[in-house]
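Colleague: Once you know that position 20 of the sequence shown is 67 in the numbering used here, the rest is easy, because the numbers rise by one and skip nothing. Sharing a structure below in structure tokens format, with a few things to ask.
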Amino acid sequence: MSLLDNIQAMSTFRLFKFKIWKLFLFFIIPLSLYCVIYTHEYFIQVARLRITTVDILPITNSTQVKNQKLDIDFGSSDVGPVIQERKRRLHSYCSGKELEKVGNNDDEVLKKHFYHDIKHNFVYCSVEKIGSTFWKRLLQIISGHSQKSSPFEIVNEFDENAPTFKDSSFDYIHAVLQDSIKFVIARDPYSRLFSAFANKFFLVNPPFRKVVGTRIIRTVRVNASKKARKCGHDITFSEIVKYLIISEKSNWGRDGHFTPLSDHCRPCQIKYDIIAKMETFKKDTLFVLDKLNMTHSPYLMEDMKNLEESSEMDSIATVSRHLIENILEFEDCVTKAEGFRRAWRNFQFTGVISKDMRYPLTTEEEKTVTNMELRNMFEKAFRASGPRDLRSKNRQLVLEEAYSQVPLQDLLALSELFKTDCGAFGYDCKPDYIFERRGNPKSRLLDVWNA
């Protein structure tokens, strides 16, 4: 081979090497990195989806079913079979839906809703406006975080060291859920939504009104006044409904007090062992305490015996504690006269005070009254309001009044948002009292100045 042929061969070989390096540099290496990243993300998703396979146990028709792993005897009381039936219903509804995406909450938000009591291998999914304040207090006693003997002695909920899953890996969460009693409380979604409105916007609640309230006004109210845009002080229930529909569809400006229960607790992904309901809160709570061997505490059982009255007195104490300060913080937006009447009306439509009792303060008394005097006033009215069964009817009356103000189109959209909660927990998504309107509402409990 001539020298010229050798030189040409060398050049061809170098060109070939150069092309090979280009192939590695611009194709094979990037492709390899992509594969590594994709595989990493895949296993992360698999770890997350492992939660969806937790503890799917067969349920039979026997009332004596016993979860051997968690030692839950559903037949030990009249409540047990009812809770067992709720579990059966949930599993039936969720069959085939385990991998379906529900709601808009991301994983980090989801983790914060779960409270883990290591002492009792107990996991509670906490949801706003479904007895969460009481249960987070109770859990402090059960788990040993508090030395108090009564939940009503605890003013504050857990601190920043709350035993949630917020800093936990999905492997750890998966292991905990496999070996723990999993507990959730459900509530009729229409009742829960109104309760959130009453607590956060009907009452004088400066943080919510200034932040969430003004956002709602800017989003849904046409030609809102300058004061309304600044204060968010006069939001109506129908505006809350419209805003919820918009925020859920757009996944923007959402608030946990209004988003559906299923978005917080993922009932088709996490197979709950005990499903309580707000409508039977006392019986169901006693059932859970029995399963956790906590019925031996005389102080706790005394609280449970008088739970309804203790809860009503606690709500009076909570509202009264900073009522004047809340109004003064919001004084450019609401007067004392309005703020006090809103609190009075709130106690009426929650069934604490009779709807027939008139607001007692004069204009002069409103100027000088103290928080403690307001508390005494509410307690006096509470004790003079007659039997609880009669007062509790106010709750249904105000629901009918509130939803009568919502356009049918928005009600239909709302029922679509609630369909998972209704299906999973056995609620009517189109109740007659909302969707079969017959004349004007029977009450004017939302009329502040008619108190």
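We treat Cβ as the ideally placed atom computed from N, Cα and C, and that holds for glycine. Treat the numbers as computed from the prediction; the structure is a model and nothing was measured.
What whole-angstrom Cβ distance do Gly303 and Ile232 have, given they're in contact under 8 Å?
Modeller: Not really, about 15 Å apart at Cβ, beyond 8 Å.
Colleague: How would you call Lys176, buried or exposed, if buried means at least 16 neighbouring beta carbons within 10 angstroms?
Modeller: buried
Colleague: Where does Lys338 sit, in a helix, a strand or coil, going by DSSP?
Modeller: In the displayed model, Lys338 falls within a helix according to three-state DSSP.
Colleague: Nearest to Ser242 by CA position, among Gly150, Thr415, Gln395, Asn298, is which residue?
Modeller: Gln395
Colleague: State the Cα-Cα distance for the pair Val335 and Trp182, rounded to the nearest angstrom.
Modeller: 11 Å
Colleague: Report the three-state DSSP secondary structure of Lys148 (helix, strand or coil).
Modeller: coil
Colleague: Could you please give me the residues that DSSP links to Asp164 through a beta bridge?
Modeller: Phe169
Colleague: For Gly506, count the other beta carbons within 10 Å of its own beta carbon; 16 or more makes it buried, fewer makes it exposed. Which is it?
Modeller: This structure cannot speak to residue 506, because the chain is shown only from 48 to 498.
Colleague: Using 8 Å as the threshold, is the region 151-162 in touch with the region 210-220, meaning 3 or more CB pairs across them?
Modeller: yes
Colleague: In chain order, what residues of the same chain have a beta carbon less than 8 Å from the beta carbon of His87, not counting five sequence neighbours either side?
Modeller: At His87, the pLDDT of 46 sits below 50, so the modelled position is not reliable; the number obtained from the coordinates is stated separately. There are no such residues.
Colleague: Who does Val231 pair with in a DSSP beta bridge?
Modeller: Cys172, Ile322
Colleague: Give the DSSP bridge partners of Thr211, in chain order.
Modeller: Tyr162
Colleague: Taking three-plus beta-carbon pairs below 8 Å as touching, is the region 488-496 in contact with the region 429-445?
Modeller: yes
Colleague: Terminal residues of the continuous alpha helix (DSSP H) containing Thr327?
Modeller: Careful: Thr327 lies outside any alpha helix (DSSP H) and carries neither H nor E.
Colleague: Are the region 421-430 and the region 358-370 in contact at 8 Å, needing three or more beta carbon pairs?
Modeller: yes
Colleague: To which residues of the same chain is Asp468 closer than 6 Å at the C-beta, ignoring the five residues directly before and after it?
Modeller: Pro236, Pro307, Leu308, Ser309
Colleague: With respect to the alpha helix (DSSP H) encompassing Phe241, which residues constitute its N-terminal and C-terminal limits?
Modeller: 236-244
Colleague: When you compare the CB positions of Val381 and Val251, do they come within less than 7 Å of one another, or not?
Modeller: yes
Colleague: Within a Cβ cutoff of 6 Å, which residues of the same chain sit near Asn246, ignoring the five residues on either side of it in sequence?
Modeller: The beta carbon of Asn246 lies closer than 6 Å to none in the same chain, with the five residues before and after it left out.
Colleague: Expressed to the nearest angstrom, what Euclidean distance is found between the alpha-carbon atoms of Thr99 and Met325?
Modeller: Model confidence at Thr99 stands at a pLDDT of 38, short of 50, so the residue's coordinates are unreliable; what they give is reported in the following sentence. Approximately 26 Å, taken between the alpha carbons.
Colleague: Please classify Val202: is it buried, with 16 or more other beta-carbons within 10 angstroms of its beta-carbon, or exposed?
Modeller: exposed
Colleague: Are the CB atoms of Glu356 and Val399 within a distance shorter than 7 Å?
Modeller: The answer is no: Cβ separation not under 7 Å.
Colleague: Within this structure, are the beta carbons of Ala471 and Leu157 separated by less than 7 Å?
Modeller: no
Colleague: Would you give the residue range spanned by the alpha helix (DSSP H) that Tyr450 belongs to?
Modeller: 440-450
Colleague: May I have a chain-ordered list of the alpha helix (DSSP H) segments no shorter than 4 residues that lie completely inside the region 388-438?
Modeller: Considered as a whole, the region 388-438 harbours 410-415, 418-430, 435-438 as its complete alpha helix (DSSP H) runs of no fewer than 4 residues, in chain order.
Colleague: With distances taken between CB atoms, is the gap from Gly300 to Arg262 smaller than 7 Å?
Modeller: Closer than 7 Å, so yes.
Colleague: Could you check if Trp496 is buried or exposed, using at least 16 other CB atoms within 10 Å of its CB as the buried criterion?
Modeller: exposed
Colleague: Taking the C-alpha atoms as reference points, what is the distance between Pro478 and Thr266?
Modeller: 28 Å
Colleague: Taking the continuous alpha helix (DSSP H) assigned at Phe365, which residues delimit it?
Modeller: The residue asked about is misnamed: residue 365 is Thr in this sequence, not Phe. Where Thr365 is concerned, the enclosing alpha helix (DSSP H) stretches over 354-368.
Colleague: Spatial neighbours of Val453 within its chain, please: C-beta separation below 6 Å, excluding the five flanking residues on both sides.
Modeller: Ser285, Val288
Colleague: Quick check on this structure: which residue in Leu464, Asn353, Leu492 has the alpha carbon closest to the alpha carbon of Arg435?
Modeller: Nearest C-alpha to Arg435: Asn353.
Colleague: Using the C-alpha atoms, what's the distance from Glu132 back to Cys315?
Modeller: 16 Å
Colleague: Using 7 Å as the threshold, is the C-beta distance between Lys166 and Ser190 below it?
Modeller: yes
Colleague: Specify, as a first and last residue, the run of the alpha helix (DSSP H) that Arg135 falls within.
Modeller: 126-141
Colleague: Report, in whole angstroms, the separation of the C-beta atoms of Glu376 and Pro253, which I expect to be a contact under 8 Å.
Modeller: 5 Å
Colleague: Can you tell me whether Lys526 is helix, strand or coil according to DSSP?
Modeller: Nothing can be reported for residue 526, as the shown portion of the chain is limited to 48 through 498.
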